[in-house]
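Just below is one structure, and these are the notes that go with it.
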Amino acid sequence: MTQKLQDKDDIQLVCQPTEVLTAQFRADLETITDRQIVLLFDAFEHTGEILERWLLEILAGKHGRLPPNCIWVIAGLNQLDSVVWSGYEPVELQLIPFTPEEATKFLQNSGVSVLNEISIILEGSGCLPLLLAVLTKNAHNHPALMGDTNEMMRSFLQSALNQR
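Residue numbers 1 to 164, in this note's numbering, belong to the letters of the sequence shown in order.
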C-alpha cells in the first residue's frame, strides 16, 4: 500500500474487513429470492478454527438477519461442540459407506465398467464414498495400480494429504 487510501469505503475495508465483506455477502444472498440457497462448509475440522466464530456471529444476527431461504451445511470429521452450537439444533447425518450395489452404480456412472476393476475397487475401498472417488480417478489415470490394494491406499492417503 504505497499510496494513501482516500476513499472511505477502501479505508473501512482495510480497517474492518470482516464487517464490510460480511455485509456484502449478506446483501448478495438477499438478491436471490427465487430459489433455495445452500451454503456448504466442508472439512470443518480444518476450517472451523477460522470460520466458527464468524458463522456463529452471522447466525446470531450480529451482521443482520439472513434470508429465510438459506440452509447451512457444516461437514467435518468431528461433531460440532454441543455447548457452542446449542442454540442451533443441528441436524446430524452420519455418512456411511455405500452398499455394494450403490458403489457399483457410482463406479459405472463414473466410467468404470470393467467388472474386474469394479471388483478390485469395491474390495479396496470398503465402499467409502471418498475412497471410491479417489480410486475411480486412479482407475482412469493409473490403471496399473488397480490390482495393488496397498498402492491404492497409499494413493488415497497421498490425495488426502494433498487436499490439506
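From the three backbone atoms N, C-alpha and C, an ideal C-beta is built for every residue, glycine too. Keep in mind that this is a model prediction, so the values were computed, not measured.
Bridge partners - residue i, DSSP secondary structure assignment
i	result
I121	Answer is none; I121 lacks a bridge partner.
W85	Looking at the DSSP assignment, W85 forms no beta bridge with any residue, so it has no partner.
I74	F41
Alpha carbon of residue i to alpha carbon of residue j, nearest angstrom
i	j	result
P97	T33	36 Å
Q108	L95	21 Å
E19	K137	41 Å
L5	Q12	10 Å
C15	V38	30 Å
E101	E92	25 Å
L21	S110	38 Å
D10	Q36	32 Å
E57	N69	18 Å
V127	G61	The question names Val, but residue 127 is Cys in the sequence shown. If you take the alpha carbons of C127 and G61, they lie about 41 Å apart.
L131	F25	34 Å
Residue environment, residue i, which counts as buried when at least 16 other CB atoms sit within 10 Å
i	result
G124	buried
V134	buried
A27	exposed
I50	exposed
Contact set for residue i: own chain, Cβ-Cβ below 6 Å, skip 5 residues either direction
i	result
P67	L29 and E30
D81	none
E52	none
Close beta carbons around residue i, own chain, < 8 Å, minus the five adjacent residues each side
i	result
P129	L95, P97, F98 and F106
L55	F41, W72 and I74
A23	H63 and G64
T104	I118 and L122
Nonlocal neighbours in the same chain, by C-beta distance under 7 Å from residue i, ignoring five residues either side
i	result
L59	Y88
P90	L80
Below-8 Å beta-carbon distance, residue i vs any chain C residue
i	result
D81	Chain labels in this structure do not include chain C; a single protein chain is all it has.
(request) Check whether the stretch 68-84 touches the stretch 36-56, counting contact only when three or more Cβ pairs, one atom from each stretch, lie closer than 8 Å. (result) yes
(message) Measuring CB atoms only, is the stretch 84-94 touching the stretch 112-119, in the sense that at least three cross pairs come out at less than 8 Å?
(response) no
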